[in-house]
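J.: The working numbering applies: residue 2 is where the sequence shown begins, and numbers increase by one. What follows is a single structure, and I will ask about it in a moment.
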Amino acid sequence: MANPEPPLYLDECVALEVGERLRRAGFDVVTAHECGALGASDEAQLELATRMGRVLVTHNARHFAPLGREWFLSGRRHAGIIIVPLCPPSEVCARVLKLLASQQLSLEDQVLWASE
Numbered sequence: 002m003a004n005p006e007p008p009l010y011l012d013e014c015v016a017l018e019v020g021e022r023l024r025r026a027g028f029d030v031v032t033a034h035e036c037g038a039l040g041a042s043d044e045a046q047l048e049l050a051t052r053m054g055r056v057l058v059t060h061n062a063r064h065f066a067p068l069g070r071e072w073f074l075s076g077r078r079h080a081g082i083i084i085v086p087l088c089p090p091s092e093v094c095a096r097v098l099k100l101l102a103s104q105q106l107s108l109e110d111q112v113l114w115a116s117e
């Protein structure tokens, strides 16, 4: 990969095993659990990831797709949002890795779907 791997923030709906697997693959990962952000609103999760300069990874398309759009339309910046369908941790990791390997540009302010 030409670009260094972006640091990742896994929100509370992503299994902790996903974080462990991504770390073993060489990624810098923190989780909502580790940050004491369990139960925080989606907006607060994105704000935290943004303050930390991390791409947010979630299964919650229903809330984060519109939230990413709201932020874009209001001129707020974020490091990126990756939405992954709910599936086993190994599949979540495979989808995230495939998506990140295919990215040539910055993820900043993008909402990306790791659907395949």
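Built from N, CA and C at the ideal position, the CB exists for glycine as well.
On the criterion of 16 or more Cβ atoms from any shown chain inside 10 Å, does Leu-113 qualify as buried, or is it exposed?
T.: Its Cβ being crowded by 16 or more others within 10 Å, Leu-113 is buried.
J.: Here's a check: name, in chain order, each residue in its chain whose Cβ is nearer than 7 Å to the Cβ of Leu-39, leaving out the five neighbours to either side.
T.: Result list for Leu-39: Glu-13, Ala-33, in chain order.
J.: Quick check: what's the CA-CA separation for Leu-9 versus Cys-94?
T.: Rounded to the nearest angstrom, the two C-alpha atoms are 12 Å apart.
J.: Would DSSP call Val-19 helix, strand or coil?
T.: Reduced to three states, the DSSP call for Val-19 is helix.
J.: In chain order, which continuous runs of the beta strand (DSSP E) of length 3 or greater are located wholly inside the segment 20–100?
T.: You should have 30–32, 56–59, 82–84.
J.: Give the C-beta separation of Gly-58 and Val-85 to the nearest angstrom, bearing in mind that I take them to be a contact with Cβ-Cβ under 8 Å.
T.: Correcting the residue identity first, residue 58 is Val in this sequence and not Gly. With 8 Å as the limit, Val-58 and Val-85 qualify as a contact, their Cβ atoms being about 7 Å apart.
J.: If we ignore side chains and look at the alpha-carbon of each, how far apart do Pro-90 and Gly-27 end up?
T.: Spanning the two alpha carbons is a distance of roughly 16 Å.
J.: For Leu-1, is the classification buried or exposed, using 16 other Cβ atoms within 10 angstroms of its Cβ as the cut-off for buried?
T.: Beyond the ends of the chain as shown, which are 2 and 117, falls residue 1; an answer cannot be given.
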